[in-house]
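For reference, the structure discussed in these notes is given below.
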Amino acid sequence: MRLGYTVPQYGAFADPDFMRQASADLEAMGYDSLWAGDRVLLPLAPSDPYPGGDGTVPPAFGTFFDPLTALTLAAVSTREIRLGTSTLNALWQPPVLLARTLTSLDLLSDGRLDVGIGLGWLRDEYTATGVPWRGRGDRLEETLDLMEAVWTDEVVEHKGALWTVPPSHIDLKPRQRPRPPILLAGYTPGALERVGRRADGWLSAAMPMPYLTGLWDMALRAASGAGRDPSALRMVVRVNPAITDAPAPADQVPHAGTVRQVADYLLTLAETGAHEAFVDLQTTTSSRDQFLDVAHALVGMVRAG
Numbered sequence: 002m003r004l005g006y007t008v009p010q011y012g013a014f015a016d017p018d019f020m021r022q023a024s025a026d027l028e029a030m031g032y033d034s035l036w037a038g039d040r041v042l043l044p045l046a047p048s049d050p051y052p053g054g055d056g057t058v059p060p061a062f063g064t065f066f067d068p069l070t071a072l073t074l075a076a077v078s079t080r081e082i083r084l085g086t087s088t089l090n091a092l093w094q095p096p097v098l099l100a101r102t103l104t105s106l107d108l109l110s111d112g113r114l115d116v117g118i119g120l121g122w123l124r125d126e127y128t129a130t131g132v133p134w135r136g137r138g139d140r141l142e143e144t145l146d147l148m149e150a151v152w153t154d155e156v157v158e159h160k161g162a163l164w165t166v167p168p169s170h171i172d173l174k175p176r177q178r179p180r181p182p183i184l185l186a187g188y189t190p191g192a193l194e195r196v197g198r199r200a201d202g203w204l205s206a207a208m209p210m211p212y213l214t215g216l217w218d219m220a221l222r223a224a225s226g227a228g229r230d231p232s233a234l235r236m237v238v239r240v241n242p243a244i245t246d247a248p249a250p251a252d253q254v255p256h257a258g259t260v261r262q263v264a265d266y267l268l269t270l271a272e273t274g275a276h277e278a279f280v281d282l283q284t285t286t287s288s289r290d291q292f293l294d295v296a297h298a299l300v301g302m303v304r305a306g
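Just so you know, we're using the working numbering here: the sequence shown kicks off at 2 and counts up by one.
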């Protein structure tokens, strides 16, 4: 299983100098990938509860560095580590412009980009960006269609319900051909069907193993039903732990636990069939030392098995 860590980008970690330093340090530690998330604002009275926990939106979300700019900093600070979005809320940007930015990042990073896309959970962010909350699934389908055309077609032409592109040359193409890998997030039957039908993988979050494998099986069955090879799909799991000094009760792991307990969960993910997992401490600590110390300890424990 590949092991990743987040690019520091929000809360106390939204500092360009630390982002550069940490990206280089994490690559030197032996991590396989760096990941960036996407939030726009922290409402005083959120329209929707934060998924998991008591529903409180993490205060750190109030200071959030743009994910693609964060990955650009990571790209120029590293050489080989892969760069991913988990997740990029792609519906907040016009697909033609988003495809151009992602193409530019893929070229700048010499083909190291994974494009992880989600629909988000906070209606306030859709209101703030002027995008309708209703019809998100159809908007995502057309977004993917249009970005695919920009990335792969010699002459780009599109006429859909939301966007029209006249026959045009858009000759800036990604380094990875035919395009960067697309990973999709989501936990509903419709989201997992879309993963199997048209994505290269599924972006999940830490959860009990039976639930995780059950959802993964839905994506695999959808791939088979669409005539695709299920074994080509990747499962990537995000883990957001609160690191404790004393061992946490088993039912709290991996949302809380010692570094050893989190490492054990990551190893269990590998045994269960996850292809990649990455860790994000930015909602659970504001300490830069702990951010890097935990990263160093985790990669050593996981690599040692």
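All C-beta atoms in this analysis are idealised placements derived from N, C-alpha and C, irrespective of residue type, glycine included.
Paired residues, beta bridge with residue i - DSSP
{"i": "residue 205", "result": "238"}
{"i": "residue 289", "result": "Bridge partners of residue 289: none, in fact."}
{"i": "residue 65", "result": "11"}
{"i": "residue 42", "result": "In DSSP, residue 42 forms no bridge with anything."}
{"i": "residue 233", "result": "Paired residue(s): none; residue 233 is not in a bridge."}
{"i": "residue 257", "result": "243"}
{"i": "residue 89", "result": "118"}
Element boundaries [beta strand (DSSP E), containing residue i]
{"i": "residue 165", "result": "165-169"}
{"i": "residue 277", "result": "277-280"}
{"i": "residue 116", "result": "114-119"}
{"i": "residue 6", "result": "3-7"}
{"i": "residue 159", "result": "157-160"}
{"i": "residue 83", "result": "83-86"}
{"i": "residue 185", "result": "183-186"}
Alpha helix (DSSP H) segment containing residue i, residue limits
{"i": "residue 197", "result": "190-199"}
{"i": "residue 217", "result": "210-226"}
{"i": "residue 150", "result": "137-153"}
{"i": "residue 104", "result": "96-109"}
{"i": "residue 270", "result": "260-273"}
{"i": "residue 34", "result": "Here residue 34 belongs to no alpha helix (DSSP H); instead the beta strand (DSSP E) covers 34-37."}
{"i": "residue 128", "result": "124-130"}
{"i": "residue 25", "result": "17-30"}
Integer-rounded CB distance, given that residue j should sit under 8 angstroms from residue i
{"i": "residue 159", "j": "residue 147", "result": "5 angstroms"}
{"i": "residue 117", "j": "residue 88", "result": "5 angstroms"}
{"i": "residue 206", "j": "residue 183", "result": "Actually they are not in contact, since the Cβ atoms of residue 206 and residue 183 sit about 18 angstroms apart, beyond 8 angstroms."}
{"i": "residue 285", "j": "residue 243", "result": "4 angstroms"}
At least 3 beta-carbon pairs within less than 8 angstroms: the region 54-62 vs the region 18-32: no
Give a yes or no on contact between the region 178-194 and the region 247-258, applying the rule of three or more CB pairs nearer than 8 angstroms. no
Could you say if the region 234-242 and the region 272-283 meet the contact criterion of at least three C-beta pairs nearer than 8 angstroms? yes
Tell me, please, whether the region 129-141 touches the region 84-94 by the rule of three or more beta-carbon pairs shorter than 8 angstroms. yes
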